[in-house]
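Quick notes on the structure that follows.
In my numbering, the protein residues as written are 175 to 401.
The following block contains the structure:
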């Protein structure tokens, strides 16, 4: 008899990796300790079989069970509207930065469906839910850091007004990527924005942490910090 997904995950669990992961994701207590490459391998296998049946009955008892569902959606082959429905069903299950960011990085179909996905993301950016907002922002930084979208992205980031730590940190991270890729429009934005002080200062800090920014520029960025 074939093992259940839960049994397979339990067998793949590594106690040492569990401790390491638990330290990185402070608000999560249900980690088994399965490494990401192992999860991806399992997700690819599921995506090649009856992935719809799997998603219909998948459980969320463990962190890895939720992570796996997100990966399967990323690997699944279907038309875009069906995939977007699965994404909409999955996003409310996100309750930590790790599942959020891994899920976003797997949604590669966004690269070839930019306009449709852009429209789909808009409500998430103004949601009251912290991880809805983070999902929207991380999708922007993953798939819309290009010449065509940079000004629109900066405008959207400025409109994010969520008090949640992981929403703010996503905006700061996104702005640092904007700066590295498009320094001129991003600098103009940093000189004229409605960001709260925490997000603004964190964005500056993340820019100065980039190895792609020279020392002279880092000194300038540091001098812009709000006291």
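All C-beta atoms, glycine included, are put in the ideal place defined by N, C-alpha and C.
Residue i versus residue j: straight-line alpha-carbon distance, rounded
i: residue 391; j: residue 283; result: 35 angstroms
i: residue 358; j: residue 381; result: 13 angstroms
i: residue 375; j: residue 400; result: 7 angstroms
i: residue 360; j: residue 349; result: 7 angstroms
i: residue 241; j: residue 196; result: 14 angstroms
i: residue 373; j: residue 339; result: 9 angstroms
i: residue 193; j: residue 204; result: 11 angstroms
Coil, strand or helix - residue i by DSSP
i: residue 321; result: coil
i: residue 283; result: helix
i: residue 391; result: helix
i: residue 368; result: coil
i: residue 181; result: helix
Opening and closing residue of the alpha helix (DSSP H) in which residue i lies
i: residue 349; result: 339-355
i: residue 272; result: 271-280
i: residue 372; result: 371-382
i: residue 240; result: 237-249
i: residue 195; result: 189-198
Nearest candidate by alpha-carbon position, reference residue i, set the options
i: residue 316; options: 302, 344, 338; result: 344
i: residue 248; options: 273, 311, 235; result: 273
i: residue 180; options: 227, 236, 223; result: 236
i: residue 246; options: 269, 270, 271, 279; result: 279
i: residue 312; options: 213, 190, 281; result: 281
i: residue 321; options: 229, 400, 356; result: 356
i: residue 352; options: 178, 329, 212; result: 329
i: residue 332; options: 338, 366, 182, 286; result: 366
Expected contact under 8 angstroms - CB spacing of residue i and residue j to nearest Å
i: residue 223; j: residue 244; result: Actually they do not touch by this definition, with Cβ atoms about 17 angstroms apart.
i: residue 299; j: residue 291; result: That belief does not hold up - the Cβ atoms of residue 299 and residue 291 are roughly 13 angstroms apart, past 8 angstroms.
i: residue 303; j: residue 199; result: About 18 angstroms; that fails the 8 angstroms criterion.
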